[in-house]
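Sequential numbering from 4 applies to the sequence shown in the numbering used here. Glycine included, every Cβ here is placed at the ideal spot set by N, Cα and C.
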Amino acid sequence: MIRKIAWQQLWSKPLTTSLLLLVMALAVALSVLVVSLGSGLQRGLIAATEPFTLLVGSPGSSQQFVLNTVFLQDKPLSNISYQEVTQLRANTKLVKQAIPLAFGDSVKGFRLVGTEPEIFTVRADNTKPEWLRLSSGRPFQTPFEAVIGQDVAKQLGLALGDTFYSTHGTLAKGKEHQEEKFTVVGILADTGGPYNQAVLTPIESIWELHAHGHKPNRVQGQLPKAAQAQAQEQVQDQDHSHDLSEKGDVTAIMVEPVGFGQAYTLAAQYVKRKDAQLVFPAQVITQLFNLMGRGEKVWQPIGYLLIGLAMAVVLVTAYLATVNRLRDYAILKALGATQKQLYSILIQQTAYVIGLGAVFGWLMGFGAYLGLAYALNTSSAIIMPLAISSASLQLTLLCIVVGLAVSLLPVYAFHRKAKQLHDVMN
4 MIRKIAWQQL WSKPLTTSLL LLVMALAVAL SVLVVSLGSG LQRGLIAATE
54 PFTLLVGSPG SSQQFVLNTV FLQDKPLSNI SYQEVTQLRA NTKLVKQAIP
104 LAFGDSVKGF RLVGTEPEIF TVRADNTKPE WLRLSSGRPF QTPFEAVIGQ
154 DVAKQLGLAL GDTFYSTHGT LAKGKEHQEE KFTVVGILAD TGGPYNQAVL
204 TPIESIWELH AHGHKPNRVQ GQLPKAAQAQ AQEQVQDQDH SHDLSEKGDV
254 TAIMVEPVGF GQAYTLAAQY VKRKDAQLVF PAQVITQLFN LMGRGEKVWQ
304 PIGYLLIGLA MAVVLVTAYL ATVNRLRDYA ILKALGATQK QLYSILIQQT
354 AYVIGLGAVF GWLMGFGAYL GLAYALNTSS AIIMPLAISS ASLQLTLLCI
404 VVGLAVSLLP VYAFHRKAKQ LHDVMN
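Quick look at the structure:
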């Protein structure tokens with residue numbers, strides 16, 4: 004009966020109650036979204052780096068290097084000689100596997116990755132299956148055969164046996180290489196990361212494409228040697244700096260060390276080198292995430308402040324509503340309601356607003372997180388886990404517990420107000 008009275012009184016003013024629920028829900032939703040995004044993004048980024056224990060490439064920004072190689076974003080750095088791959092493979096005491104990667108072109112916005120068949124044997128760790136597994140078809144064997152990610156197949160409508168041209172550079176509307184067609188021979192299963200949006204081909208395909216692209220044209224051949232050299236230099240200046248114009252150039256090398264200690268020994272050998280760098284992708288992403296985390300640290304206190312303000316609004320409104328209902332409570336008391344029952348009505352009304360607001364807020368925040376996770380997965384193939392964050396649940400439960408505790412404040416204020424009125428009447 005008391006619960007029913009509390010609920011009916013609460014919704015006797017539906018607009019006020021709805022606004023209070025909305026204020027509380029929005030405050031909780033913002034905090035839940037920030038907490039869930041921080042946790043989900045970190046796990047998604049770290050998971051994407053798991054197949055890439057070490058990366059070797061040319062000197063430059065390590066963050067740009069990892070973003071391009073692991074996440075297929077940003078521009079590639081300049082190239083290094085294939086001889087680096089040979090030297091790493093010869094270093095059997097430290098290196099278990101070295102696989103070259105060549106970037107620079109794309110297929111309607113999807114990155115074209117030149118590599119070697121050994122990439123299909125890479126595992127994130129020994130307990131997991133191969134990182135790149137085929138859902139249909141076979142691995143590439145000869146130049147201009149391609150194995151495409153599942154997102155590429157879906158978005159471009161490509162199937163086994165289909166052909167396509169690659170595009171110069173990474174823009175979807177770049178100049179197509181009309182010299183050779185690629186043929187789809189395999190489609191990857193879900194990789195759980197950015198390589199769902201990759202087009203894999205033998206590295207020789209990249210070398211041959213760019214060898215065609217940089218042959219002197221007929222007009223240049225008719226010029227004097229000095230003019231030919233100047234014209235060739237102008238062509239190279241207009242081209243992107245990461246072209247693989249010389250056979251043997253690679254953009255990055257995936258390195259699997261023999262062990263943890265050997266990884267750091269190998270890293271030490273690259274510290275003093277000016278022609279190449281070695282990075283731990285997981286460390287680079289952790290550093291990048293720490294920079295991004297500064298924004299989260301700013302938003303979290305703001306979210307908590309909003310929750311506090313929302314609770315304050317609820318409490319003040321509950322108190323004012325209680326004062327306006329003093330006559331109703333007097334009637335209830337005359338009908339036999341005890342002081343304890345009246346207090347219970349007040350507590351339940353405040354608890355309903357804060358509790359329901361927190362629950363609705365969690366649903367709104369988690370729903371927004373799912374939407375952003377889907378958008379990020381579609382745009383960059385970073386798979387953010389769809390699991391419920393324990394931190395977001397703890398935050399919601401904390402709001403409910405604190406809300407129940409502070410719901411005693413309107414009761415105390417009501418008690419004092421009722422006592423003052425009683426004294427005045429006496």
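task = For asparagine 82, count neighbouring C-beta atoms within 10 Å of its own C-beta (all shown protein chains included) and say buried if the count is 16 or more, exposed if not.
result = Along the sequence shown, one-based indexing puts residue 82 at 79. When all chains shown are included, asparagine 82 counts as buried.
task = Could you name the residues of the same chain whose beta carbon sits closer than 7 Å to that of glutamate 236, not counting the 5 residues immediately before and after it, in chain order?
result = Position 233 of the sequence shown, counted from the start, is the residue given in the question as residue 236. Reliability fails at glutamate 236, whose pLDDT of 48 lies under 50, so the model's placement of it is uncertain and no value is given.
task = Could you please give me the residues that DSSP links to glutamine 11 through a beta bridge?
result = Position 8 of the sequence shown, counted from the first residue, corresponds to residue 11. Note: glutamine 11 sits in no beta bridge, so no partner.
ask   = Grouping DSSP H, G and I as helix and E and B as strand, with all else coil, what is leucine 58?
value = Stepping through the sequence shown from its first residue, residue 58 is reached at position 55. It is a strand residue.
ask   = What is the DSSP secondary structure of methionine 367, reduced to helix, strand or coil?
value = Looking up residue 367 in the sequence shown gives position 364. Methionine 367 falls in the helix class under three-state DSSP.
task = Give the secondary structure of arginine 76 by DSSP, where H, G and I count as helix, E and B as strand, and everything else as coil.
result = What you label residue 76 is simply residue 73 of the sequence shown in a count that begins at 1. For clarity, residue 76 is glutamine in the given sequence; the question names arginine instead. Glutamine 76: coil per DSSP, three-state reduction.
ask   = When the Cα of leucine 407 is compared with those of Leu359, Lys131, Thr170, Tyr307, which residue comes out closest?
value = If you number the sequence shown from 1, residue 407 lands on position 404. Of Leu359, Lys131, Thr170, Tyr307, the residue nearest in Cα terms is Leu359.
ask   = Can leucine 97 and leucine 269 be called in contact, C-beta distance under 8 Å?
value = As a first step, residue 97 must be located in the sequence shown, where it is residue number 94. As a first step, residue 269 must be located in the sequence shown, where it is residue number 266. For leucine 97 and leucine 269, yes; Cβs fall inside 8 Å.
query = Run through DSSP, which three-state label would methionine 27 get?
reply = Here residue 27 corresponds to residue number 24 of the sequence shown, with the count starting at 1. If DSSP states are grouped into helix, strand and coil, methionine 27 belongs with the helices.
inquiry  = According to DSSP, is valine 261 part of a helix, a strand, or is it coil?
reply    = Numbered from 1 along the sequence shown, position 258 holds the residue referred to as residue 261. Coil, per DSSP.
key: Integer-rounded CB distance, given that methionine 27 should sit under 8 Å from alanine 361   = Working through the sequence shown from its first residue, we reach residue 361 at position 358. Working through the sequence shown from its first residue, we reach residue 27 at position 24. Contact flag correct, Cβ pair sits at about 7 Å.
task = Use the C-beta contact count for asparagine 129: other C-beta atoms within 10 angstroms, 16 or more gives buried, fewer gives exposed.
result = Your numbering for residue 129 matches position 126 in the sequence shown. The C-beta of asparagine 129 has fewer than 16 other C-beta atoms within 10 Å across all chains shown, which makes the residue exposed.
query = What's the C-alpha gap between valine 404 and glutamine 76?
reply = Looking up residue 404 in the sequence shown gives position 401. Looking up residue 76 in the sequence shown gives position 73. Valine 404 and glutamine 76: Cα-Cα distance of roughly 44 Å.
query = What whole-angstrom Cβ distance do leucine 23 and glycine 364 have, given they're in contact under 8 Å?
reply = Working through the sequence shown from its first residue, we reach residue 23 at position 20. Working through the sequence shown from its first residue, we reach residue 364 at position 361. Contact between leucine 23 and glycine 364 is ruled out by a C-beta separation of about 12 Å, above the 8 Å threshold.
inquiry  = Taking DSSP's pairing of strands, which residues face glycine 117 in a bridge?
reply    = Taking the sequence shown and counting its residues from 1, the one referred to as residue 117 is at position 114. Checking the DSSP bridge columns, you'll see glycine 117 partnered with Ala105, Thr204.
query = Which residue or residues does DSSP assign as beta-bridge partners of leucine 159?
reply = Along the sequence shown, one-based indexing puts residue 159 at 156. Paired residues: none, contrary to the question.
ask   = Which residue or residues does DSSP assign as beta-bridge partners of valine 88?
value = What you label residue 88 is simply residue 85 of the sequence shown in a count that begins at 1. Bridge partners of valine 88: none, in fact.
request  = Quick one: grab the DSSP three-state call for leucine 33.
outcome  = If you number the sequence shown from 1, residue 33 lands on position 30. Correct three-state label for leucine 33: helix.
Own chain residues within Cβ distance below 6 Å of alanine 230, not counting five before or after = As a first step, residue 230 is located in the sequence shown; it is residue number 227 there, counting from the start. Note that alanine 230 scores 47 on pLDDT, short of 50, meaning its location in the model is unreliable and no value can be drawn from it.
request  = Note down, in chain order, each residue of its chain lying with its Cβ closer than 6 Å to the Cβ of phenylalanine 113, except the 5 sequence neighbours on either side.
outcome  = On the sequence shown, residue 113 is found 110 positions in, with the first residue counted as 1. These residues qualify, in order along the chain: Val155, Gln200, Val202.
query = In terms of residues, what are the limits of the beta strand (DSSP E) holding leucine 281?
reply = Residue mapping note: residue 281 aligns to position 278 of the sequence shown, counting from 1. Here the beta strand (DSSP E) through leucine 281 covers 280 to 282.
query = Is the number of C-beta pairs between the region 59 to 74 and the region 261 to 268 that are closer than 8 Å three or more?
reply = Cβ pair count under 8 Å is below three, so no.
query = Hey, would you say leucine 396 sits closer than 8 Å to methionine 387, going by beta carbons?
reply = Stepping through the sequence shown from its first residue, residue 396 is reached at position 393. Stepping through the sequence shown from its first residue, residue 387 is reached at position 384. No.
ask   = Of all the options Ile348, Gln280, Pro17, which has the alpha carbon lying nearest to the alpha carbon of isoleucine 8?
value = The residue given as residue 8 occupies position 5 in the sequence shown. Closest by alpha carbon: Ile348.
key: Terminal residues of the beta strand (DSSP E) in which alanine 186 lies   = One-based indexing of the sequence shown puts residue 186 at position 183. The displayed chain sequence assigns threonine, not alanine, to residue 186. That run of the beta strand (DSSP E) goes 185 to 191.
ask   = By the 10 Å Cβ neighbour count, where 16 or more other Cβ atoms means buried, how is tryptophan 210 classified, buried or exposed?
value = In the sequence shown, the residue the question calls residue 210 occupies position 207. Buried, by the Cβ-count rule.
query = Hey, would you say aspartate 252 sits closer than 8 Å to tyrosine 85, going by beta carbons?
reply = Numbered from 1 along the sequence shown, position 249 holds the residue referred to as residue 252. Numbered from 1 along the sequence shown, position 82 holds the residue referred to as residue 85. For aspartate 252 and tyrosine 85, yes; Cβs fall inside 8 Å.
task = Hey, could you find the ends of the alpha helix (DSSP H) isoleucine 151 is sitting in?
result = Against the sequence shown, residue 151 aligns to sequence position 148. Membership of isoleucine 151 in any alpha helix (DSSP H) is not indicated; the residue belongs instead to the beta strand (DSSP E) covering 148 to 151.
request  = Measure the C-alpha to C-alpha separation of valine 335 and serine 410 and round it to an integer number of angstroms.
outcome  = The residue given as residue 335 occupies position 332 in the sequence shown. The residue given as residue 410 occupies position 407 in the sequence shown. The question names valine, but residue 335 is leucine in the sequence shown. The straight-line gap from Cα to Cα measures roughly 21 Å.
task = Quick one: give me the first and last residue of the beta strand (DSSP E) that leucine 137 is part of.
result = For the purposes of this step, residue 137 is identified with residue 134 of the sequence shown, where counting begins at 1. Run containing leucine 137: 137 to 140, per the beta strand (DSSP E) assignment.
inquiry  = So for alanine 390, helix, strand or coil by DSSP?
reply    = Taking the first residue of the sequence shown as position 1, residue 390 is located at position 387. Coil.
message = Distance check for glycine 370 and glycine 47, CA to CA, integer angstroms please.
response = Locating residue 47 in the sequence shown gives position 44, counting from the first residue. Locating residue 370 in the sequence shown gives position 367, counting from the first residue. In a straight line, the C-alpha of glycine 47 is about 18 Å away from that of glycine 370.
query = Run through DSSP, which three-state label would lysine 336 get?
reply = Taking the first residue of the sequence shown as 1, we reach residue 336 at position 333. Lysine 336 falls in the helix class under three-state DSSP.
ask   = In the DSSP assignment, what are the bridge partners of phenylalanine 167?
value = Reading the sequence shown from its first residue, position 164 is the one you call residue 167. In DSSP, phenylalanine 167 forms a bridge with Phe185.
Pair within 8 Å by beta-carbon distance, threonine 289 and valine 317 = Here residue 289 corresponds to residue number 286 of the sequence shown, with the count starting at 1. Here residue 317 corresponds to residue number 314 of the sequence shown, with the count starting at 1. Their beta carbons are not under 8 Å apart, which means threonine 289 does not touch valine 317 by this criterion.
inquiry  = On the criterion of 16 or more Cβ atoms from any shown chain inside 10 Å, does asparagine 293 qualify as buried, or is it exposed?
reply    = For the purposes of this step, residue 293 is identified with residue 290 of the sequence shown, where counting begins at 1. Asparagine 293 comes out exposed.
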